[in-house]
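Protein chains in written order, with the numbering used here: chain A, 1026 to 1518; chain B, 8 to 307.
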């Protein structure tokens, strides 16, 4: 029998009693170039402007490389290369397109550890996530869509369809390579060519993907990677010969892209922000729910559009649940993204850290009660301790705005109807979670929650076969599954 | 004189004993019986070859082994099944010379053999890409009245018996076995009777393709006799027989009735379709799945 007196204060003091030796993933074998060019027409080319910008590791502020900045001329060249490649691509037999994608999937799979290390270095996410979540999902998305390339007649169920041409794709910094795969795979499978712009803080894995495209002899111009910040993205989205714009990022930028493409006839899909409710009923398996809540908000430092950032707890179990949650948060290990024991890595950028700090300050000022896990943060780099706010009301900014960091707002409810009302009281509608041991209740809730994805007794689950996307101001269109293919074709009837 | 340095021309080739592929192992027929296989006279490496001749007991043993492998195969994730089928394509591509030699030896022209092998590899890729998609195409969410979530999901049947055609001994065999595997079934395959070697060599490639033991089992022998035995076996959920003799198909359908077996019998038309778009598709997968409808209430 355990001696209960040994656990004082919190239930478990793993953080202070268990000393972990560092377990760093070796990075010396991953070759990072000092400079990265644009990938246009199957070749690495210098940017028209001659300008480059640095990309740093957010965990050390070390400059990793400098990356080319694409301007309008570069965007134009990339679109032209893509147009030409797309004509040849649709002339291939579908089965051959499929085999090219399988080949890409295999090559990425073979290089996945190297890409995982690079992702953690450039973006700050823990290696255990880039290695065990991001890269496996990247490969899975490529494999999945490879198989669709010769089965589109079935996917569209007899309806006539045709590819759109060149897709302009703009992706965020939270899952850099995964978002690239989500964008590139269905676009190519459906017979399009792409011009992809990664986020300016996390360009490296996309550029290494470009090298892999070269190595497997993917037809040149089919995948073009242009790097740069907002202006590059704007030039891409508004290019007249880009027939499809796919954007993942903030609702604010999504709004601008939708306005900019208005009247152009471009097909548009947007995967934007979220403020997901994660709803825990009193009849939930509480310990299992705790793990789910932790994963829902602290996965990838909370840099997740579908993060369960609003915890709605049934009032009768709120006290117990919050104590258990704090105990679990004490055990989270914040630090070096390349350490295999790290649970929470670095905040992606200084700008994002300021955003998080600003919203946390507003939470304190508006009267919510803040609690942050006691943990030592490294001296250099961008860091934020896992934090929860209790006593939050629906009108607080921290309950309405997307924080995109490791910060959880806790609200309570008494009835299922109230939980639904509070959960839906947001401009977003990307995801939601329900924790209950009653199956019928999870379906009852799922029917009423205004969200594109509902997880029951789980959270943050992704699979290429399961369509993902939002309602309301979380955007429109789906990625993954049979439904996700529609985003990349014109369908008659 | 050094014993290992001699002219290639003087060297005696090592002939191979062909064996069944059952439960991931290469086994001889329990009866000890073999049958001579005719090889093309103009084939450079032509010589007398014996193929193992399966008895009813061999067949029953293969079915038992396959049945034991079913659960593990069906419970693998769809993605994983796809990865394994794709691995078969990779191994076939790497060993195409060996397959080519076997096809030519059994009578194909060099050109026809190349076409058959390339179509076979591409067929593996095609079905590899189907393991995580047929569900989305064959399942449904049913809008029943009342507060219920009602799904109909495809499930595998179990052991599927495959009796491959005499012609296109590689492409025909794969075009029958792969769709059954996609749906989570396991197969007991009877190769082409007259041209069994390429099917038996396929077993050697499958053994290095991450295919779990027992998921694919390959026998050779008197096809018509083995087909009727498969049709009678109660642990075989379904059979697919391609035969040129109409009586074989009639026998198989009649005997299958004894255990309400799903029976698909086809004549030469199957071979004619092999190189057309109708040689592969969703229907071939749908044939070997059972839809299951699940009702779940919706309530607080």
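Backbone N, C-alpha and C define an ideal beta-carbon position, used for all residues, glycine too.
Margin query: On the DSSP letters alone, give me the boundaries of the alpha helix (DSSP H) that residue 994(A) sits inside.
Written below: What the structure shows of chain A is the stretch from 1026 to 1518, and residue 994(A) is not part of that stretch, so it cannot be assessed.
Note to self: Quick check: the Cα distance between residue 151(B) and residue 1465(A), rounded to an integer number of angstroms?
What the structure shows: Rounded to whole angstroms, the gap between the alpha carbons of residue 151(B) and residue 1465(A) is 16 Å.
Next item on the list: Determine the chain B residues that contact residue 1112(A) at a beta-carbon separation under 7 Å, and present them in chain order.
Entry: In chain order: nothing, as chain B lies at least about 24 Å away.
Check: Run through DSSP, which three-state label would residue 1187(A) get?
Finding: Assignment of residue 1187(A) by DSSP, reduced to helix, strand and coil, places it in the strand class.
Next item on the list: Could you work out which residues of chain A lie near residue 4(B), taking near to mean beta carbons separated by less than 7 Å?
Entry: No answer is possible for residue 4(B): it lies beyond the span of chain B, which begins at 8 and ends at 307.
Next item on the list: Identify the contact partners of residue 197(B) in chain A, using a Cβ-Cβ distance below 8 Å as the criterion.
Entry: For the C-beta of residue 197(B), not a single chain A residue is nearer than 8 Å; the gap to the nearest is close to 28 Å.
Next item on the list: Out of 1182(A), 1200(A), 1258(A) and 1318(A), point me to the one whose CA is closest to residue 1095(A)'s CA.
Entry: The shortest C-alpha separation from residue 1095(A) is found at 1258(A).
Next item on the list: Have a look at the DSSP bridge pairing and note the partners of residue 1111(A).
Entry: Residue pairing of residue 1111(A) in beta bridges, as defined by DSSP: absent, with no partner found.
Notebook entry, point to check: Quick one, which residues of the segment 1293-1308 of chain A are near chain B if we go by CB-CB under 9 Å, in chain order?
Noted result: Using a CB distance below 9 Å, no part of the segment 1293-1308 of chain A faces chain B.
Notebook entry, point to check: Do you know offhand how far residue 248(B)'s Cα is from residue 274(B)'s?
Noted result: About 8 Å.
Notebook entry, point to check: What residues from chain A crowd round residue 3(B), counting only those whose CB sits closer than 7 Å?
Noted result: Because residue 3(B) is not part of the residues shown, which for chain B are 8 to 307, the question remains open.
Notebook entry, point to check: So, residue 113(B) versus residue 205(B), is the Cβ gap smaller than 8 Å?
Noted result: Cβ distance < 8 Å, so residue 113(B) and residue 205(B) count as in contact.
Item checked: Where the segment 1461-1480 of chain A meets chain B: residues whose CB sits under 7 Å from a CB there -> Going along the segment 1461-1480 of chain A in chain order, one finds 1464, 1465, 1466, 1468, 1469 and 1472 with a Cβ nearer than 7 Å to chain B.
Checklist line | Of the listed residues 1336(A), 1234(A), 1047(A) and 1176(A), nearest to residue 1418(A) (C-alpha basis) | finding: If you compare the alpha carbons of 1336(A), 1234(A), 1047(A) and 1176(A) with that of residue 1418(A), the shortest gap goes to 1336(A).
Next item on the list: Taking only beta-carbon positions, decide if residue 1173(A) is within less than 8 Å of chain B.
Entry: Yes, its Cβ sits closer than 8 Å to a Cβ of chain B.
Note to self: Which of the three DSSP states is assigned to residue 1475(A) in this structure?
What the structure shows: DSSP places residue 1475(A) in coil when its eight states are reduced to three.
Item checked: Residues that residue 1524(A) contacts on chain B, provided the C-beta gap is smaller than 9 Å -> Residue 1524(A) is absent from the structure shown; chain A starts at 1026 and stops at 1518.
Note to self: Could you check whether the segment 1259-1266 of chain A touches the segment 1098-1118 of chain A, counting it as contact only if at least three pairs of C-beta atoms, one from each stretch, sit closer than 8 Å?
What the structure shows: In this structure the segment 1259-1266 of chain A touches the segment 1098-1118 of chain A; the number of beta carbon pairs closer than 8 Å is three or more.
Checklist line | Members of the segment 1353-1373 of chain A that neighbour chain B once the beta carbon cut-off is set at 8 Å | finding: Listed by position along the chain: nothing, the set is empty.
Notebook entry, point to check: Interface residues of chain A around residue 133(B) at Cβ under 9 Å?
Noted result: Within 9 Å of the CB of residue 133(B), the CB atoms of chain A belong to 1120, 1123, 1172, 1175 and 1176, in sequence order along the chain.
Next item on the list: Grab the span of the beta strand (DSSP E) containing residue 1125(A) for me, first residue to last.
Entry: No beta strand (DSSP E) holds residue 1125(A); the alpha helix (DSSP H) holding it covers 1119-1135.
Next item on the list: Rounded to whole angstroms, what's the CA-CA distance from residue 290(B) to residue 66(B)? Just pull it up for me.
Entry: Roughly 27 Å between the two C-alpha positions.
Check: Do residue 1350(A) and residue 1413(A) have their CB atoms nearer than 8 Å?
Finding: Between residue 1350(A) and residue 1413(A), the C-beta gap is smaller than 8 Å, which places the two residues in contact.
Margin query: With H, G and I counted as helix, E and B as strand and the rest as coil, what does DSSP make of residue 1247(A)?
Written below: In the structure shown, residue 1247(A) sits in coil (DSSP, three-state: anything other than H, G, I, E or B).
Notebook entry, point to check: Are the C-beta of residue 1029(A) and some C-beta of chain B separated by less than 8 Å?
Noted result: Residue placement at residue 1029(A) is flagged as unreliable, the pLDDT there being 41, under the threshold of 50; the coordinate-derived value follows with that caveat. It does not; no Cβ of chain B falls within 8 Å.
Check: Of the choices 1367(A), 1080(A) and 1242(A), whose alpha-carbon is the least far from that of residue 1066(A)?
Finding: The candidate whose alpha carbon is nearest that of residue 1066(A) is 1242(A).
Check: In whole angstroms, what separates the C-alpha of residue 1256(A) from that of residue 1204(A)?
Finding: Spanning the two alpha carbons is a distance of roughly 20 Å.
Checklist line | Distance CB(residue 160(B))-CB(residue 301(B)) smaller than 8 Å | finding: Judged by beta-carbon spacing, residue 301(B) lies within the 8 Å limit of residue 160(B), meaning their Cβ atoms are closer than that value.
Item checked: Among 1502(A), 1249(A) and 1189(A), the one whose alpha carbon lies nearest that of residue 1232(A) -> Distances from the CA of residue 1232(A) to each of 1502(A), 1249(A) and 1189(A) were compared; the closest alpha carbon is that of 1249(A).
Next item on the list: Starting from the Cα of residue 240(B), find the closest Cα among 63(B), 24(B) and 21(B) and give me that residue.
Entry: It is 63(B).
Margin query: Once DSSP output is grouped into helix, strand and coil, what is the label at residue 318(B)?
Written below: Here chain B comprises residues numbered 8 to 307, so residue 318(B) is not present and cannot be evaluated.
Next item on the list: Mind listing the chain A neighbours of residue 306(B)? Cutoff is C-beta to C-beta under 9 Å, in chain order.
Entry: Around residue 306(B), the beta-carbon contacts reaching into chain A at under 9 Å are 1463, 1465, 1466, 1468 and 1469.
Note to self: Could you pull the DSSP bridge partners for residue 1290(A) from this structure?
What the structure shows: Looking at the DSSP assignment, residue 1290(A) forms no beta bridge with any residue, so it has no partner.
Next item on the list: Please look up how many angstroms separate the CB atoms of residue 1147(A) and residue 1252(A), rounded, as I've assumed it's under 8 Å.
Entry: About 12 Å separates the beta carbons of residue 1147(A) and residue 1252(A), which is beyond the 8 Å limit, so they are not a contact pair.
Margin query: To the nearest angstrom, how far is the alpha carbon of residue 91(B) from that of residue 131(B)?
Written below: Whole-angstrom Cα-Cα distance: 10 Å.
Next item on the list: Please compile the residues from chain B whose C-beta is within a distance smaller than 9 Å of the C-beta of residue 1490(A).
Entry: Simply 85, 86, 139, 140, 142 and 143.
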